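Taking it in order: structure first as structure tokens, then the write-up.
There are 2 protein chains.
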Amino acid sequence: MAKDISTQELRPYHHGDLHRAIVEAALDVLSESQSTEFSLRELARRAGVSHNAPYKHFADKRELLAAVSAVGFELLAKRMAEATSELDSPRQRLAAMARAYVCGGVGNPALYRLMFGGFLGGQDESRPVIERTAAHAMKALIVSAISDGALGRRIADTEPTTRTIDGAILVFWSQMHGLTLLLVDRLVGPGDKMEELTENVLQAMLEGLVNSIPKVPEGVWVGPPLAG
Amino acid sequence: MAKDISTQELRPYHHGDLHRAIVEAALDVLSESQSTEFSLRELARRAGVSHNAPYKHFADKRELLAAVSAVGFELLAKRMAEATSELDSPRQRLAAMARAYVCGGVGNPALYRLMFGGFLGGQDESRPVIERTAAHAMKALIVSAISDGALGRRIADTEPTTRTIDGAILVFWSQMHGLTLLLVDRLVGPGDKMEELTENVLQAMLEGLVNSIPKVPEGVWVGPPLAG
DNA sequence: GCCCTATGTTGACAGCGACCACTTAAGGTG
DNA sequence: CACCTTAAGTGGTCGCTGTCAACATAGGGC
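These protein sequence lines are chains F and X, in that order. Per our numbering: the first sequence = residues 1017 to 1244. Per our numbering: the second sequence = residues 1017 to 1244.
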């Protein structure tokens, strides 16, 4: 049973799991305010600790945001996995993934932007391993649906054809990524037509991919970089 | 002749065009730091005025960022227009637009994210008219290329088929938008293969669109909202 | 039982956005 | 020309922030 702070009982000197508490507070504030410009001090207040306690768990604000972003990737990967778990047809699995991806982004734009928006030093290896791991898990889901035949035929995932799959993933991912962000930014809308739009765009995209998968030039990667 | 601040000559009490100076300083800092987290005070310092002078031209930081974003849209629209001005083939014009769009984003990610990233109150009519105007100009370019036959046949831009064009624009725009952001965030790379990737993805996308343009459900808009 | 270390606290600092009252100069009006 | 209105710039201040440093606490291994 968790300690009940609201009663007379005094909070113990040590919180117990402040790391998690801070990240969850950040997720709450992020969802409520739809902005990453909250303060570490506010998170500390919400967790009922001093303004400096978070610094025992996060070197700075950037590191906290990175942790939040990692949770976002885990949530997204989990949603996509759940949405596809009971579907047999690769085509349906891909569609379910697309829906989960777009809905996830539209459902919490600020989190989605944090994950993909490059606030985190943006470029290099500063992003935590867990983030890249979740992103790779996500990519693996797409790979399996495509190689299993989402384009209407099986595509072997052996080395010579990997670039074919990368080409298909590139199209699929950038299409859904762009659609999500246009919806999030209300440059396309309204949001409640999201699922229908996703389905229709996906349909057109797949019909295109069946006939023509773009060439991915030598040296190009699709997905988060494997090594720092 | 501009006043030479660097010599002994004293700067006049009134700057002359502080509005422009501040916006340009912001563009400089944004390009250098690739972050919107610069301070108004630093811009004031760069412009050689007191920390509060900018507030005579911008109500708050958000308004300054909106002005910067508007300049970004103007630059992007101009680039796209220039890239297409001397091309006859609609297909080539669309490809040139795609290149200009992606290169523009990759060339200055922070500006691109500012424009599309919803920092600006994100949702509603808070974004200045000039921003939406530039965005509409951009859309008009795409419309013309598509209706002129970029998909291999002319498509009349008359009312009954407008939704066809919207469907095509939706695919084109979200595909390029997503590709740009994946490149910017280095989830696809390297950046110097950008143009080749753009061309190949566009090629596949167009072949798909020729056969199948997604349906845009009733009530959906594609492009910035017309009325506040 | 003792100390070590992870965790949490208090205090301090500079920098920030935003507001205020005050000053400057430029332009229109008589 | 003098006058006055007003846009534009200045300096001061407030509360808040991120971050650092010094100190307090407690829980676990020897």
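From the three backbone atoms N, C-alpha and C, an ideal C-beta is built for every residue, glycine too. This one's a predicted model, so the numbers in the text were calculated from it and none came from an experiment.
Close Cβ partners of residue i (< 6 Å) along its chain, the five nearest in sequence each way excluded
| i | result |
| --- | --- |
| Val1236(F) | none |
| Met1017(X) | Note that Met1017(X) scores a pLDDT of 41, beneath 50, so its modelled location is shaky; the value from the coordinates is reported in the next line. Excluding sequence neighbours, Met1017(X) sits near nothing in its chain. |
| Thr1196(X) | Val1118 and Gly1121 |
| Met1054(F) | Checking the sequence, you will find Phe at residue 1054(F) rather than Met. If we look at Phe1054(F) and ignore the five residues flanking it on each side, its Cβ neighbours are Val1045. |
| His1067(X) | Arg1057 and Ala1060 |
| Leu1148(X) | The displayed chain sequence assigns Arg, not Leu, to residue 1148(X). Closer than 6 Å at the Cβ level, and outside the excluded window around Arg1148(X), lie Pro1240. |
Whole-angstrom C-beta distance between residue j and residue i, which should lie under 8 Å
| i | j | result |
| --- | --- | --- |
| Gly1224(F) | Val1122(F) | Gly1224(F) to Val1122(F), Cβ: 24 Å. No contact. |
| Ala1042(X) | Phe1089(X) | That pair is no contact at about 15 Å. |
| Leu966(X) | Leu1081(X) | The question about residue 966(X) has no answer here: the residues shown for chain X are numbered 1017 through 1244. |
| Leu1046(F) | Ala1116(F) | 20 Å between Cβ atoms; not a contact. |
| Gly1194(X) | Met1210(F) | Incorrect: roughly 15 Å between the Cβ atoms, too far for contact. |
| Gly994(X) | Gly1133(F) | Nothing about residue 994(X) can be read from this structure; chain X reaches only from 1017 to 1244. |
Same chain, Cβ closer than 8 Å to residue i, five either side skipped, listed in chain order
| i | result |
| --- | --- |
| Gln1139(F) | With a pLDDT of only 47 at Gln1139(F), under the threshold of 50, the placement of this residue in the model should not be trusted; the figure read from the coordinates follows. Once the five neighbours on either side are set aside, Gln1139(F) has no close Cβ partner at all. |
| Arg1170(F) | Ser1163 and Asp1164 |
| Ile1185(F) | Lys1155, Ile1158, Val1159, Ile1162, Val1238 and Gly1239 |
| Leu1198(X) | Val1204 |
Neighbourhood of residue i by C-beta, 7 Å cutoff - its chain only, sequence neighbours within 5 removed
| i | result |
| --- | --- |
| Leu1168(F) | Going by the sequence as given, residue 1168(F) is Gly instead of Leu. Correct list, in chain order: Val1226. |
| Val1187(F) | Met1221, Leu1225 and Pro1230 |
| His1073(X) | Leu1034, His1035 and Ile1038 |
| Ser1228(F) | none |
Option in the options with minimal Cα separation from residue i
| i | options | result |
| --- | --- | --- |
| Gly1239(F) | Val1204(F), Ile1181(F) and Val1084(F) | Ile1181(F) |
| Ala1037(X) | Val1084(X), Glu1053(X), Ala1161(X) and Thr1052(X) | Val1084(X) |
| Glu1102(F) | Lys1231(F), Arg1202(F), Trp1189(F) and Ala1161(F) | Ala1161(F) |
| Ala1114(X) | Glu1215(X), Ser1228(X), Val1232(X) and Pro1230(X) | Glu1215(X) |
| Thr1178(X) | Ala1151(X), Lys1209(X), Ala1220(X) and Pro1233(X) | Pro1233(X) |
| Val1087(X) | Glu1040(X), Gly1133(X) and Lys1155(X) | Glu1040(X) |
| Asp1076(F) | Arg1062(F), Arg1057(F), Ala1156(F) and Ala1063(F) | Arg1057(F) |
| Gly1032(X) | Ser1051(X), Thr1052(X) and Ala1069(X) | Ala1069(X) |
| Gln1050(X) | Leu1213(X), Asn1124(X), Val1159(X) and Glu1211(X) | Asn1124(X) |
| Thr1052(F) | Tyr1128(F), Pro1106(F) and Leu1110(F) | Tyr1128(F) |
| Ser1190(X) | Leu1218(F), Leu1157(F) and Ala1166(F) | Leu1218(F) |
| Pro1106(X) | Ala1166(X), Pro1241(X) and Tyr1071(X) | Ala1166(X) |
| Leu1213(X) | Pro1241(X), Ala1153(X) and Ala1111(X) | Ala1111(X) |
| Ala1153(X) | Pro1241(X), His1030(X) and Arg1062(X) | Pro1241(X) |
Residue i CB to nearest heavy atom of the ligand NAD below 7 Å
| i | result |
| --- | --- |
| Val1039(F) | Among the ligands in the structure shown, none appear at all, so the ligand NAD cannot be discussed. |
Check your understanding: Are the segment 1113–1133 of chain F and the segment 1092–1105 of chain F touching by the rule of at least three beta carbon pairs closer than 8 Å?
Key -> yes
Practice item. Could you please tell me which residues of the segment 1213–1234 of chain F, in chain order, have their CB closer than 9 Å to any CB of chain X? Key: Of all residues in the segment 1213–1234 of chain F, the ones placed with a Cβ closer than 9 Å to any Cβ belonging to chain X are Leu1213, Glu1215, Asn1216, Val1217, Leu1218, Gln1219, Ala1220, Met1221, Leu1222, Glu1223, Gly1224, Leu1225, Val1226, Asn1227, Ser1228, Ile1229, Pro1230, Lys1231, Val1232, Pro1233 and Glu1234, in chain order.
**Study point:** Selection of the segment 1109–1138 of chain F by Cβ proximity to chain X, strictly under 9 Å
**Key:** Those would be Pro1125, Ala1126, Arg1129, Phe1132, Gly1133, Gly1134, Phe1135 and Gly1138, in chain order.
**Study point:** Near-chain F residues of the segment 1175–1195 of chain X - C-beta to any C-beta below 8 Å
**Key:** The residues in question are Gly1183, Leu1186, Val1187, Trp1189, Ser1190, Gln1191, Met1192, His1193, Gly1194 and Leu1195.
**Study point:** Contact residues within the segment 1199–1210 of chain F, judged by C-beta distance below 8 Å to chain X
**Key:** Val1200, Asp1201, Arg1202, Leu1203, Val1204, Gly1205, Pro1206 and Lys1209
Practice item. Would you list, in chain order, the members of the segment 1051–1085 of chain F that have their beta-carbon closer than 8 Å to a beta-carbon of chain X? Key: none
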